[in-house]
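First the structure, in the form of structure tokens, and then the observations on it.
Protein chains in written order, with our numbering: chain F, 233 to 519; chain B, 233 to 519.
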């Protein structure tokens, strides 16, 4: 496995792979890998001849009071894990390598970014689209892999790829969970022992809400139930719980066929997100 | 020569060319071709194995009171001219083909777009970056060709390519002029006979200003002189005349080595632009 830190070296390697007609799978990550990332890399390995994983804690997608500084980092550990699932190239640039100059051109994520996590994290999805656009141009992937845990991110990136005709396919994979249901997240390491014990209430709550909604179609009641579950079983502070259409992230109507039930909850100081995407038949759906 | 109207057909053709290892030159135009466009296509022909010219009057780069509706169009004439200089593919999509959906993601051109033409045409360069990004992704060019007549456009697109790592090279070529100095433009057909006679004052004015500036380094005096020339020799209404550093489009300082002297003038109802890019030695410079 190669570990590459500069754009020019990665571009040269990609150029050669393209010349050889190889398909390229890109797995963009912020590192501190967990089984969710490894599932993405494993799928990329199955479907492509060259697998690139980027490991970059992107400063432009963090707000001034967010956890950019404290975000967990361990490149040596990540390198071993990535190698174990067959990644060919790790791209681990510095912030200076990625953003040497700034001519002021911004990508604004727009309507789909004004709700859910975007409402709590202004500018977050603009930063995501900035780094993803750069990674797409540097890596020229055939397919790029994202976890459905960041469902809003996947939806917005799919819109970017569709509306700006990026020559690649977005692949998204189901959330990987701990045995007790908690969604795998690099941020789970922030949790104290007690917080870790109560954190599964988040997933429990959205499962309850989904089941209720499928019974009677009443979104408000379903969300109230989820909210009650979290509040009664933990001291978690709810940022949002919402039911929207997926992947367009609009209000639910009679025509909606895919639903996103998404939530963000502070467990102590740690903000955790989770979601379920499902169809009216109750089946898991990944668009 | 192929004439292609759909993105899917162009993508299929590009896909095959890429597979065959061909270099691709893209010449984005709004059609109604003149010698400036043909010079770009000729250079693209020299430097690439496959030459694609897009002909698309892009609605998103026109303001509500601008000339989108009346902009001259003549595809048959364009097809013959393009064929005569060796273009392989004309891509002439409809607006519906280019913009079937809008998920609300916008590229904002930022600082470099707030001056010169951008100040008079709010949103213009956002629209330019939108269509150029789409054309780059659809065509995957090795090189893309732009006329230096739209110097601000070239500068902003170069910033886009640099800051977002597009895997292509921007090539810009000198302004092609009529015998009397008027810069070739599709909009010259709007001019009445009398307006056409006085229109060369625009180029005369910036030549005078450049010479003056090179003599004494006084930008204000140079611009006054140019302004006086236009006002005394025509009834042209000056939108702007400015001297800036190039390609960063900042105010001139002692360190500036490349200068852009740019102007926009209304001759009757027709807004014409022109510019000179030069070094301190007075030499023409195209960055």
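Just so it is clear, CB atoms sit at the ideal spot from N, CA and C, and this is done for glycine as well.
Note that the structure is predicted; figures quoted are calculated from it, not measured.
At a Cβ threshold of 8 Å, is residue 341/B touching chain F? So yes, residue 341/B belongs to the interface.
Can you give the Cα-Cα distance for residue 251/F and residue 336/F, rounded to whole angstroms? In this structure, the CA atom of residue 251/F is about 33 Å from the CA atom of residue 336/F.
Can the beta-carbon of residue 365/B be found less than 8 Å from the beta-carbon of residue 388/B? Not a contact, by the Cβ cut-off of 8 Å.
With respect to the alpha helix (DSSP H) encompassing residue 364/F, which residues constitute its N-terminal and C-terminal limits? Counting along the chain, the unbroken alpha helix (DSSP H) around residue 364/F starts and ends at 356 to 371.
Residue 333/B and residue 395/F - do their beta-carbons sit closer together than 8 Å? Going by C-beta atoms, residue 395/F is nearer than 8 Å to residue 333/B.
Assigned exposure category for residue 452/F - 16 Cβ within 10 Å defines buried: Label assigned to residue 452/F: exposed.
Check whether the Cβ of residue 395/F lies closer than 8 Å to any Cβ atom in chain B. Chain B, which has a Cβ nearer than 8 Å to the Cβ of residue 395/F, makes this yes.
Report yes or no: is there a C-beta of chain F within less than 8 Å of the C-beta of residue 336/B? Taking Cβ atoms only, chain F reaches closer than 8 Å to residue 336/B, which makes this a yes.
Just the C-alpha distance for residue 403/B and residue 264/B, rounded to the nearest angstrom, thanks. When rounded, the distance between both Cα atoms is 21 Å.
Of all the CB atoms in chain B, is at least one closer than 8 Å to the CB of residue 487/F? Residue 487/F does not count as touching chain B.
Per DSSP, what kind of secondary structure is residue 489/B in: helix, strand or coil? Note: residue 489/B maps to coil in three-state DSSP.
Under the DSSP definition of a beta bridge, which residues are partnered with residue 495/B? Residue 495/B is bridged to 473/B and 506/B.
Beta-carbon neighbours of residue 325/B, restricted to chain F and to distances below 7 Å: Within chain F, no residue has its beta carbon less than 7 Å from that of residue 325/B; the closest one is some 11 Å off.
Is the CB of residue 482/B under 8 Å away from at least one CB in chain F? Judged by the 8 Å Cβ criterion, residue 482/B is not in contact with chain F.
Who are the neighbours of residue 366/B on chain F, taking C-beta pairs under 9 Å? Going along chain F in sequence order, the residues near residue 366/B (Cβ under 9 Å) are 395, 396 and 397.
Looking only at C-alpha atoms, which of 262/F, 483/F, 429/F and 352/F sits nearest to residue 467/F? Residue 429/F is the option with its Cα nearest to residue 467/F.
Assuming residue 351/F is part of the alpha helix (DSSP H), what are its boundary residues? Per DSSP, residue 351/F belongs to the alpha helix (DSSP H) from 348 to 352.
From 418/B, 469/B, 354/B and 507/B, residue whose alpha carbon lies closest to that of residue 500/B: When each option's Cα is compared against that of residue 500/B, the closest is 469/B.
Distance CB(residue 492/B)-CB(residue 476/B) smaller than 8 Å: The Cβ atoms of residue 492/B and residue 476/B lie closer than 8 Å to each other.
Kindly identify the DSSP beta-bridge partner or partners of residue 468/B. DSSP output for residue 468/B lists no bridge partner at all.
Taking 8 Å as the CB-CB limit, is residue 344/B close to chain F? Yes, its Cβ sits closer than 8 Å to a Cβ of chain F.
With a cut-off of 8 Å, does the C-beta of residue 307/F fall near any C-beta of chain B? Chain B contact via Cβ: absent.
Range of the contiguous beta strand (DSSP E) that encloses residue 321/F: 321 to 323 is the extent of the beta strand (DSSP E) around residue 321/F.
Does the separation of the CB atoms of residue 283/B and residue 253/B fall below 8 Å? No; because the gap between Cβ atoms is not below 8 Å, this pair is not in contact.
Quick test of your reading: residue 380/F and residue 407/F, contact by CB under 8 Å. State the CB separation rounded to the nearest angstrom. Contact check for residue 380/F and residue 407/F: beta-carbon distance about 6 Å, within the 8 Å limit, so the pair qualifies.
Note down the Cα distance separating residue 255/F from residue 248/B, rounded to an integer number of angstroms. The C-alpha of residue 248/B is placed about 15 Å away from the C-alpha of residue 255/F.
Counting only beta-carbon separations shorter than 8 Å, does residue 374/B have a partner in chain F? Not flagged as an interface residue toward chain F: residue 374/B, since no C-beta distance is shorter than 8 Å.
Residue 453/F CB to nearest chain B CB: under 8 Å? Not closer than 8 Å to any Cβ of chain B, the Cβ of residue 453/F fails to qualify, so no.
Contact residues within the segment 238 to 261 of chain B, judged by C-beta distance below 9 Å to chain F: Listed by position along the chain: 239, 243, 246, 247, 250, 251 and 253.
Other residues of its chain near residue 437/B: CB distance less than 6 Å, five sequence neighbours each side excluded: Within the same chain, 458, 461 and 462 come within 6 Å of residue 437/B by CB-CB distance, once the 5 residues on both sides are set aside.
Who are residue 256/F's beta bridge partners in DSSP? Bridge partners of residue 256/F: 282/F.
Taking the alpha-carbon positions, what's the residue 347/B to residue 378/B distance? Distance from the CA atom of residue 347/B to the CA atom of residue 378/B, rounded to whole angstroms, is 20 Å.
Can you tell me whether residue 513/F is buried or exposed, with buried defined as 16 or more other CB within 10 angstroms of its CB? By the neighbour-count criterion, in which a residue is buried when 16 or more other Cβ atoms sit within 10 angstroms of its Cβ, residue 513/F is exposed.
Shorter than 8 Å from the beta carbon of residue 446/F to some beta carbon of chain B? When Cβ-Cβ separations below 8 Å define contact, residue 446/F makes no contact with chain B.
Grouping DSSP H, G and I as helix and E and B as strand, with all else coil, what is residue 337/F? Coil.
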